[in-house]
Every structure is written in C-alpha cells, then in structure tokens.
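**Q** I'd like to ask you about the structure that follows.
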Amino acid sequence: MKHIQLGEFEEIVLLTVGVLHGNAYGVTIKDEIEQRLNREVTIGALQITLRRLESKGFLSSKLGESGESRRGRPKLFFEITAYGKKALDYSKASRDELWKALPKLVLNLK
C-alpha cells in the first residue's frame, strides 16, 4: 500500500480540503491550517503540495469565477478524489492500528 501512503503535510492538506468542502483554494486552505493547527504555512509549500497531491490523483481542481478583486484571475478550487479518500482512510486505519497497539502505560494514559 505504499503507493497511497501520505506524508504528514500531505495528510493535513487533504483533510483541510475536506473540511473546506466546496471552498478549498490556496488562501482558504492556508488560513484553515494555520488557525486550526497553529502552524505557519508558506503559500509556496502549500502550492507544491497541492500540485503533488493532484498529480498523484488524490485531488482534482477546477477554476472558479474570475473577479475584479483578483484582477481577472480565477480561483483554483480543490476537492478530494475517490483515490484521495482511499488514501485518507488508509492513513487513519494505519494510525488507529498503532494507537490501539500502544500500551497505555507508555504514555501514562488513563
């Protein structure tokens, strides 16, 4: 299953696209990650990751309307593909399996 494994930031970006369902474009994705995770994100790193996830088939994109505020440039909206959902499911299942196997004593969990 290596072909559907996600890196940490890839997983965060995919999940954020899902959270923003229908309104996921560069700036909203960046803002959402920064607000929810208190983690600084550069637009360059985000754009590279979005393109990589799209080239792997985990995301699809479509152009939105263009407007004066964007000087005629349309927003590029992203959505999770079926393959992306499968990758997220695999990632969650893998993590859950490890959490279940971790003895509570190791982390002093109650």
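The numbers in full-length UniProt numbering rise by one with no breaks, and the one at position 52 of the sequence shown is 52.
Glycine included, each C-beta is placed from N, C-alpha and C at the ideal position.
The alpha helix (DSSP H) with LYS56 in it runs from where to where?
**A** On the sequence shown, position 56 is the one that residue 56 refers to. First-last for LYS56: undefined, no H or E at that position.
**Q** Secondary structure at GLU65, three-state DSSP: helix, strand or coil?
**A** To locate residue 65, count along the sequence shown from 1; it is residue 65. GLU65: strand per DSSP, three-state reduction.
**Q** Please say whether VAL27 and GLU79 have beta carbons closer to each other than 8 Å?
**A** Residue mapping note: residue 79 aligns to position 79 of the sequence shown, counting from 1. Residue mapping note: residue 27 aligns to position 27 of the sequence shown, counting from 1. Contact flag unset, no.
**Q** Using the three-state DSSP reduction, which class does LEU76 fall into: helix, strand or coil?
**A** Here residue 76 refers to the residue found at position 76 when the sequence shown is read from its first residue. Here LEU76 sits in strand by DSSP.
**Q** Can you find the residues in the same chain that come closer than 8 Å, C-beta to C-beta, to GLY25, ignoring five residues on each side of it along the sequence?
**A** For the purposes of this step, residue 25 is taken as the residue at position 25 of the sequence shown. First, the residue type needs correcting, since residue 25 is Tyr and not Gly in the sequence shown. Around TYR25: GLY64, LYS75, LEU76, PHE77 and PHE78.
**Q** Under the rule that 16 or more other beta-carbon atoms within 10 Å means buried, what is ALA87, buried or exposed?
**A** As a position in the sequence shown, residue 87 is number 87, starting the count at 1. Counting Cβ neighbours within 10 Å, ALA87 comes out buried, since at least 16 surround it.
**Q** In the DSSP output, which residue or residues are listed as bridge partners for SER91?
**A** The count along the sequence shown starts at 1 and reaches residue 91 at position 91. DSSP lists no partner for SER91.
**Q** Whose CA, out of GLU11, LYS92, ILE33 and LEU102, lies closest to the CA of ARG52?
**A** Start at 1 with the first residue of the sequence shown, and residue 52 comes out as number 52. Comparing Cα positions, the closest option is GLU11.
**Q** Just confirm the distance between the C-beta atoms of LEU14 and GLY84, as a whole number of angstroms; I'd bet it's less than 8 Å.
**A** Stepping through the sequence shown from its first residue, residue 14 is reached at position 14. Stepping through the sequence shown from its first residue, residue 84 is reached at position 84. Contact holds; Cβ gap of about 6 Å.
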